[in-house]
Each structure stands twice: as structure tokens, then as C-alpha cells.
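Here's the structure, in C-alpha cells; my notes come after.
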Amino acid sequence: MLSVKGLRAKVGENEILTGLDLEVGPGEIHAIMGPNGSGKSTFSHVLSGREGYEVTAGSVTFEGQDLLALEPEERAHLGVFLAFQYPVELPGVNNTYFLKAALNSIRKARGESELDAVSFLRLIKEKLKILHLNDSLLKRAVNAGFSGGEKKRNEIFQMALLEPKLAILDETDSGLDIDALRVVADGVNALRNPERSMIVVTHYQRLLDYIEPDRVHVLAKGRIIRSGGKELALELEEKGYGWILEQEQAA
Amino acid sequence: MNGAAPTSFDTWLAARADGEVGAGLDWLEAQRRSALDQVREQGVPGTKQEAWRYTSLKRLIEQGFARVEDEVTALQLDDIEELLIPELESHRVVMVNGRYTPSLSALGDLPRGVRVTGLRALLASDPDALRERLNGVAGESQPLFAALNTAGLDDGLVVLLDRGAILERPIELIHLSVGMDEPRVAQPRHVVSLADGAQATLIERYVSLGESLYCTNSVLELSLGRDAVLKHDRIQIESPNAFHITGLYLSQDANSRYVGVNIGLGGAWARTDLVTRFSGEHAECDLQGLYLAGDRQLMDYHIDVDHAVPACSSRETFKGILYGKGRAVFDGRVVVAKDAQKTDAAMSNKNLMLSENAEVDTKPQLEINADDVKCSHGTTVGQIEPEKLFYLRSRGISAPLARRMLCMGFAEEIIDALHSDALREAVSEEVGRRLETAPLT
Ligand SMILES: Nc1ncnc2c1ncn2[C@@H]1O[C@H](COP(=O)(O)OP(=O)(O)OP(=O)(O)O)[C@@H](O)[C@H]1O
Ligand SMILES: [Mg+2]
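Laid out in C-alpha cells, this is it:
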């Protein structure tokens, strides 16, 4: 479904991604862990088409298409979704209007009819419940003045609404209290299906107790230096990254 | 005129075949004469004068607009249907080319103590009601365009509320311009006066049929008695070829409250002067504005707030969206007199630039002569933030729609301040329409 080969990307003069390889099959959940500043968010951004990164080598193929050649909205139309590590506040942009514009843009691009106001509201209410979000959030501006936890839940809420094929969750768990973590994890699990893949970027093993990954990768210095099953996450939790980095250095 | 040296505005003031309105009223004749003298004295201000530094009058002068002479009588309600906002329940006054047009107006029932009428009609029926009020706020010595308006006094809207009178529904003035045989200037003069404790909402809409070239030079004198409350929405959507000049002169007595929302969308050249003076303590003045300027458009705002007495508060919050080769000027000035302690004044002007060819000159100034005051001013000129754009696009929203949504989000604060849902919706739609076709370079 997603195939990343030898991906290198620069910001200005700095090479951040230094030859990253990753294969994600349909329905799989891959966790990416790694030290601060190792390039996890950069990778998420490059996948979703954010400007400011120069890809110098490698390829990203999503369902047979060259993802890097597409605009961000085109990627979203194909079913790529990024839950931001730092969701952006959009003062003045009404949340309901935003959600409707997003959903209908995607539906339109896929040749589906736009949802009318009633079906849209019904859908939205249903998804809100899954995320235990108060519908007063709908009347507010997108993320504006939302608490950290509300912002993160709002990301997963958007994911639930847009039903992507590939969801990239960039540290969706950080800043969530224990109950919210549970809610978000339940929301994510509810969306699990054999066609939907996910890349879950996290620093904490705890999220992976709830969302069980098929694979766990360690991203360091811009590439994947170790991959394993979910037991790798436990090992990292216990021992940190030092030992892998040392082994990597020695090799 | 009168054999004196010609001014550049003689065509504006050419003698009327049927004589001037209120002829024979000595006080009015005197005001007119004095105004004419001032027009002569001032000549045509050049860009060396501070108030005109960024705004050239060249095109306006060269155009030589002719004074509106004939009443437009052929218009029927059907013709202006598209300009009405059906959901807006109002006492409607329609003026066409500066002339009050009863056949298109729908005043409905007015409560006791409220008078809504045409200036011309009132000068004929009860001139004394205007004697103290006409030029009562604008004052004797007037800036050029106010003086021109006085010298060419013709018609306008008069709203008089007695002490304690409360108007529930808004008064809606629709000033309609229709193209004539040649480019004309209309100079409506409005007088709105709220006695102590009176409350009203006033909506002014400047609109046109077609895209003709004309000039509107309007003056509005507003006076608020003690504890009076006026909510005022002003929407300028003149023809894309029009010149629009407006002077709003506001005087506020103790504890009065004025909330004004000024939307400037139309016209090729639009100049707005807002002049506020406090005459009693604890009065509040809240001026908000939104302007859009695109190709061949200039939006020019001059705001003068005079904190002459203590403990009043004023807010000026203006936002602009500029695109194409649009230009805007924001020249705001707040003066706090020596004795005006406990003044609370905040002025802000934010501009969103959608193209590199657009230009804004923004210059908020505070002149504070008292020491115990709370004053602030701020101005920003920025572009759409890339991370916001990316956030929207990452959700599948196309770049043009995302840009528009962010612009609307920027404008929202001001549109939201309008005083009726129907108006908010109408303005939102109009702003959206303009942004949809806005060139981004
Ligand atoms: N726009 C940028 N300009 C300069 N440096 C950048 C930019 N974006 C990312 N970097 C650098 O790239 C490196 C990787 O950043 P990135 O945000 O991808 O790390 P991360 O793995 O997500 O870290 P964290 O776990 O703290 O979220 C960092 O050193 C960061 O400073
Ligand atoms: Mg990160």
C-alpha cells in the first residue's frame, strides 16, 4: 500500500531524512518511535506534502501512485491523512464549515455526491460520540482556544469523519490524560479495518498497549535503523535508544 | 459662482434651476455661504497635506462630476428587488442619487418619539427641527468634502429620537446610485440625533444598479445624548467605477454608547473620514471596519478620535484584505486631552495581503496628553500563513478554497460584529464572492 524507498529530504541545507525505507501493507499498523529531532514529524510532513522540504532522493509510492508528485489536497483525496503533532489554530474558521468543506472536497474528488446538511450533521454527531467530544466544539473556530487534549481528539475526530486509507498519527498521544488516551485509542481501533493502514508515531509504549502495532520501527538520524514486532517497543521502553544507536554505530 | 473665482468643484455646485433647498432660511443660507467660502479657501488639497498624503484627488477633479439635477422617478420596487435583503426587517428608507424616494421606501409604523424623514421634506415642513442640528456636529469649520456637502445641500435622511425613545427594528437607509446621461455627484446629508436615553440601530447601505461612473459624497452627523445607544452598520458596495466619499461626524454625551461597523467593499476610490468627539464622561465608542481592495481600488480611512473629557473609552478595530493591485490607507489618530484621565483607547489595524502588488499605508497614532490612561495601538501587515494553508489542504480542501476560508476567517471578527443575522449573511456572501474572483498576484 505504502512503499518508501531510500527517501532523503532536506530543509534548507540540513539533510533530515537520510535514506528512509518503509513498507506498509493494507490494514497494517506500524509504530514509529525514535529520539527527539530524529525526523519523525519531517517524515509525516513529507508524506502529506507540506512545503519547505526538498526531496533529494528516493521514492514514495501509495497504491501504485507517486505520492511526491501530488499536491497535499490530492494526497488527501487518495486517502492520506495526517493527525498533526501540533494542530494548527484557525481563528475565525468555523469548525463545522471546515469539516463539511473537507468531507465534501474529498467526496467530490472521488466522484461521490456532496453530503447535504442533514446527513452531514447526523454523521458528525455520530463521530463526535465516538471521541467523547462535546458538540459545542462544532460551533467554535477550528482548534482556536482548544485545550491540548481537545486538539488531539479533534484530529482523531477528523480522521473518523474523513475515513482515510492511510492515517499518520504524529504523537497523537502526547498531552492526553489517561482517560483521553483511552478514548483516542478506542477511536483509532474502531477505525481499524483490513483496508486501512496506519503509521503511529509515538514516544510511549502505553499507546501501543491500546493500539497494537504489527510492526515497530526505530527512526534515528533520518532513517529506520531497527524494525521488529511489538516486543521491540517494550524493549525500548525499558532500555531507551542508546543500545540500538551504539549497535548501529558499530555496524 | 457669485462672480467669485472658480473652484475645481464648480460643476458640483452649479446653480439649480429650481433654486436651492431651504431657500429663504437665513441660517441655512449663512451656513451654505460659509461652506462655500471654505471650499474656495481650501482649494484642492495636494499630497503634501497630511490628510491627503497617500490619496490623490487628481482623477476626481479631472472627472468634473455634474451635480445631480433630476429626480429619478421611473424606478419601481421591482427594479431594486435584487438590492433588498428580504430577511432584514427594517424601517426602510430608499434614496436614489441623493434624493429621498418615498415610493421605494417602506417606513412602516414608527413608535412614539421617533421621527424618520427626508431632509428636504423637513426643511420645508419644520426647519426649526434642523436649525441646531445641521452642522451641529460637523461644526462650522469643515474639511473640504464636508464643506462641499454643506454648500451643495440637497437631501438626506433625518432620524430624530426623543428622550428615552427606543426603536426596536433598525432603520435601513439604502442609498442607490443609478447611472445618468453623464457622471454625476450626489451629496446626501444625513442627520441622526438621539436624545438622552434613546436607542436605535441604523443601517446604511450604499449600492448601485449597474457599473456606472458617479460620485457619492455623503455626510452623516450623529449626535448621542446622555445614555443614548446607537448601533450603526455601514456597508459600502458602490459600483466598481464609483468614487465614494463619506464623512461621519459623531458627538457623544455622557454614558452614551456607539457601536459602528464599517464595511467597505465597492467603489474605485473610497474615502472615509470618521470623526468622534466625546462631550461627556463614561461614553464608549466602538468603531470596527473591514475593507477589501483589489485591482483599481483604493480604500482610504481617516479616523479621528478626540478624547476631550475623562473616562471615555474608544476602540478602533480595522481589518483589510488586499489583492491584485489593491491599495488601502489607514490613518488613525487618537488624541487624549490633558484632563482626559482614565481614558481607555485601543486602535488596531490588521492587513492581509494576498498579492505582492497590493499596497497598504497604515499609520495609527496616539497623542496622549494625560498621564493616567490606558492606550494602545497596533498594526500588522501579513500574508496567509503557510502552515494554516497546509492544514486545510491536508484535509482535502483545494488551495483556492483554503485561501478563501482563511480570508473569511480573518474577516469574520468584523462581519460578526454587524447587528443583524441577515446583514451578516449578505455581507459574508458578498465578501466571499469578491474573494472568489480575487487575483492573487
Ligand atoms: N523547518 C525546519 N527548519 C529547520 N530545521 C528543521 C525544520 N523542520 C525540522 N527541522 C529539524 O529537523 C530535525 C527533525 O525534526 P522533526 O520535527 O522531524 O523531529 P521529530 O522526530 O518529530 O522530533 P520530536 O520527537 O521532538 O517531535 C530537527 O533537528 C529539527 O530541528
Ligand atoms: Mg515530531
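If you're matching them up, the sequences are chains A and B in order. Per the working numbering, the first sequence starts with residue 137, numbered consecutively. Per the working numbering, the second sequence starts with residue 6, numbered consecutively. Backbone N, C-alpha and C fix where the C-beta goes; we use that ideal spot for every residue, glycine too.
Within 10 Å of its beta-carbon, does residue 419 of chain B have 16 or more other beta-carbons around it, so buried, or fewer, so exposed?
On the second sequence, residue 419 of chain B is found 414 positions in, with the first residue counted as 1. Buried, because 16 or more other Cβ atoms sit within 10 Å of the Cβ of residue 419 of chain B.
When you check each C-beta in the segment 292-326 of chain A against every C-beta of chain B, which residues fall closer than 8 Å?
294, 298
At a threshold of 6 Å, does residue 175 of chain A count as lining ligand 1 (C-beta to nearest heavy atom)?
The residue given as residue 175 of chain A occupies position 39 in the first sequence. It does: the Cβ of residue 175 of chain A is within 6 Å (strictly closer) of some heavy atom of ligand 1.
So what does DSSP say about residue 184 of chain A, is it helix, strand or coil?
The sequence position of residue 184 of chain A within the first sequence is 48, counting from 1. If DSSP states are grouped into helix, strand and coil, residue 184 of chain A belongs with the helices.
Where residue 402 of chain B meets chain A, residues with beta-carbon distance less than 7 Å:
The count along the second sequence starts at 1 and reaches residue 402 of chain B at position 397. In chain order: 209, 237, 238, 241.
CB contact flag (residue 224 of chain A, residue 289 of chain B, <7 Å):
Within the first sequence, numbered from 1, the residue matching residue 224 of chain A stands at position 88. Within the second sequence, numbered from 1, the residue matching residue 289 of chain B stands at position 284. In this structure, residue 289 of chain B does not lie closer than 7 Å to residue 224 of chain A by Cβ.
Using a C-beta cutoff of 7 Å, does residue 194 of chain B count as contacting chain A?
Numbered from its first residue, the second sequence carries residue 194 of chain B at position 189. With 7 Å as the cut-off, residue 194 of chain B does not count as an interface residue toward chain A.
Pick helix, strand or coil for residue 389 of chain B, following the three-state DSSP scheme.
Locating residue 389 of chain B in the second sequence gives position 384, counting from the first residue. In the three-state reduction of the DSSP assignment, residue 389 of chain B falls in the coil class, being assigned neither a helical nor a strand state.
Report buried or exposed for residue 179 of chain B, applying the criterion of at least 16 other Cβ atoms within 10 angstroms of its Cβ.
In the second sequence, residue 179 of chain B corresponds to position 174, counting from 1. Flag for residue 179 of chain B reads buried.
Please confirm if residue 226 of chain A has its CB atom under 7 Å from at least one CB of chain B.
Translated into positions along the first sequence, residue 226 of chain A becomes position 90. It does: the Cβ of residue 226 of chain A has a partner Cβ on chain B nearer than 7 Å.
Neighbourhood of residue 304 of chain B by C-beta, 6 Å cutoff - its chain only, sequence neighbours within 5 removed
As a position in the second sequence, residue 304 of chain B is number 299, starting the count at 1. Within the same chain, residue 304 of chain B has close Cβ partners 269, 275, 296, 298, 333.
Mind the definition here: the segment 362-375 of chain A touches the segment 212-232 of chain A only if three or more C-beta pairs lie below 8 Å; say whether that holds.
no
Between the alpha carbons of residue 145 of chain A and residue 187 of chain A, how many angstroms are there, rounded?
As a first step, residue 145 of chain A must be located in the first sequence, where it is residue number 9. As a first step, residue 187 of chain A must be located in the first sequence, where it is residue number 51. Approximately 12 Å between the Cα atoms of the pair.
Could you tell me whether the Cβ atoms of residue 269 of chain A and residue 293 of chain A are closer together than 7 Å?
Here residue 269 of chain A corresponds to residue number 133 of the first sequence, with the count starting at 1. Here residue 293 of chain A corresponds to residue number 157 of the first sequence, with the count starting at 1. For residue 269 of chain A and residue 293 of chain A, yes; Cβs fall inside 7 Å.
For residue 63 of chain B and residue 243 of chain B, I'd like the C-alpha separation in whole angstroms.
Along the second sequence, read from residue 1 onward, the residue named residue 63 of chain B stands at position 58. Along the second sequence, read from residue 1 onward, the residue named residue 243 of chain B stands at position 238. Roughly 20 Å between the two C-alpha positions.
Hey, out of B/231, B/321, B/335, B/363, whose CA is closest to residue 285 of chain B's CA?
As a first step, residue 285 of chain B must be located in the second sequence, where it is residue number 280. Nearest option by C-alpha distance: B/231.
Alpha carbon to alpha carbon, what distance is there between residue 263 of chain B and residue 349 of chain B?
Locating residue 349 of chain B in the second sequence gives position 344, counting from the first residue. Locating residue 263 of chain B in the second sequence gives position 258, counting from the first residue. Using only the alpha carbons, I get a separation of about 15 Å.
Is any beta-carbon of chain A found at less than 7 Å from that of residue 211 of chain B?
Mapped onto the second sequence, residue 211 of chain B falls at position 206. Taking Cβ atoms only, chain A never reaches closer than 7 Å to residue 211 of chain B, which makes this a no.
Residue 349 of chain A beta carbon less than 7 Å from that of residue 163 of chain A
Here the question's residue 163 of chain A lines up with position 27 in the first sequence. Here the question's residue 349 of chain A lines up with position 213 in the first sequence. No. Outside cutoff.
Would you tell me roughly how many angstroms separate the C-alpha atoms of residue 302 of chain A and residue 157 of chain A, rounded to the nearest one?
In the first sequence, counting from the first residue as 1, residue 302 of chain A sits at position 166. In the first sequence, counting from the first residue as 1, residue 157 of chain A sits at position 21. Between residue 302 of chain A and residue 157 of chain A, the C-alpha separation is close to 17 Å.
As a quick exercise: from B/254, B/193, B/150, pick the residue whose alpha carbon is nearest that of residue 41 of chain B.
As a working mapping, residue 41 of chain B is identified with position 36 in the second sequence. Considering only alpha carbons, the answer is B/150.
Does residue 191 of chain A get closer than 7 Å to chain B when you measure Cβ to Cβ?
Along the first sequence, read from residue 1 onward, the residue named residue 191 of chain A stands at position 55. False, the Cβ-Cβ gap to chain B never drops below 7 Å.
Give me the Cα-Cα distance between residue 366 of chain A and residue 423 of chain B, rounded to the nearest whole angstrom.
Looking up residue 366 of chain A in the first sequence gives position 230. Looking up residue 423 of chain B in the second sequence gives position 418. Their backbone Cα atoms lie some 57 Å apart in a straight line.
What is the residue span of the beta strand (DSSP E) that residue 229 of chain A lies within?
Sequence index remark: in the first sequence, residue 229 of chain A carries index 93 (1-based). From DSSP, the beta strand (DSSP E) with residue 229 of chain A extends over 226-230.
Check residue 366 of chain A in the structure and name its three-state DSSP category.
To locate residue 366 of chain A, count along the first sequence from 1; it is residue 230. Residue state, collapsed to three classes: coil.
Note down, in chain order, every chain B residue with its Cβ under 7 Å from the Cβ of residue 184 of chain A.
The residue labelled residue 184 of chain A in the question sits at position 48 within the first sequence. Those are 399, listed as they occur along chain B.
Interface residues of chain B around residue 245 of chain A at Cβ under 8 Å?
Counting from 1 along the first sequence, the entry for residue 245 of chain A is found at position 109. Correct list: 401.
Residue 271 of chain A - DSSP class collapsed to helix/strand/coil:
The residue given as residue 271 of chain A occupies position 135 in the first sequence. Reduced to three states, the DSSP call for residue 271 of chain A is helix.
Taking residue 218 of chain A as the query, report the chain B residues whose CB atoms sit under 8 Å from its CB, ordered along the chain.
Position 82 of the first sequence holds residue 218 of chain A. Those within 8 Å of residue 218 of chain A in chain B are 399.
At a cut-off of 6 Å, would you count residue 152 of chain A as near ligand 1, judging by its Cβ distance to the nearest heavy atom?
Numbered from its first residue, the first sequence carries residue 152 of chain A at position 16. Yes, the Cβ of residue 152 of chain A comes within 6 Å of a heavy atom of ligand 1.
Use the C-beta contact count for residue 445 of chain B: other C-beta atoms within 10 angstroms, 16 or more gives buried, fewer gives exposed.
Counting from one through the second sequence, the residue named residue 445 of chain B turns up at place 440. The residue in question, residue 445 of chain B, is exposed, as its Cβ has fewer than 16 Cβ neighbours within 10 Å.
Three or more C-beta pairs under 8 Å: does that hold for the segment 173-187 of chain B against the segment 92-108 of chain B?
Yes, since at least three Cβ pairs between the segment 173-187 of chain B and the segment 92-108 of chain B fall closer than 8 Å, the two stretches touch.
Examine chain A for any beta-carbon lying closer than 7 Å to the beta-carbon of residue 328 of chain B, and answer yes or no.
Position 323 of the second sequence holds residue 328 of chain B. No - not a single Cβ of chain A is within 7 Å of the one on residue 328 of chain B.
Residue 336 of chain B versus B/17, B/364, B/320, B/307, residue with shortest Cα-Cα distance:
Along the second sequence, read from residue 1 onward, the residue named residue 336 of chain B stands at position 331. Checked all of B/17, B/364, B/320, B/307; the closest Cα to residue 336 of chain B is B/307.
Relative to chain A, which residues along the segment 386-397 of chain B have a C-beta separation below 7 Å, given in chain order?
391, 392, 393, 395, 396
Let's see if you can read the secondary structure: which residues bound the beta strand (DSSP E) around residue 352 of chain B?
Reading the second sequence from its first residue, position 347 is the one you call residue 352 of chain B. Taken as a continuous stretch (DSSP letters only), the beta strand (DSSP E) holding residue 352 of chain B covers 349-358.
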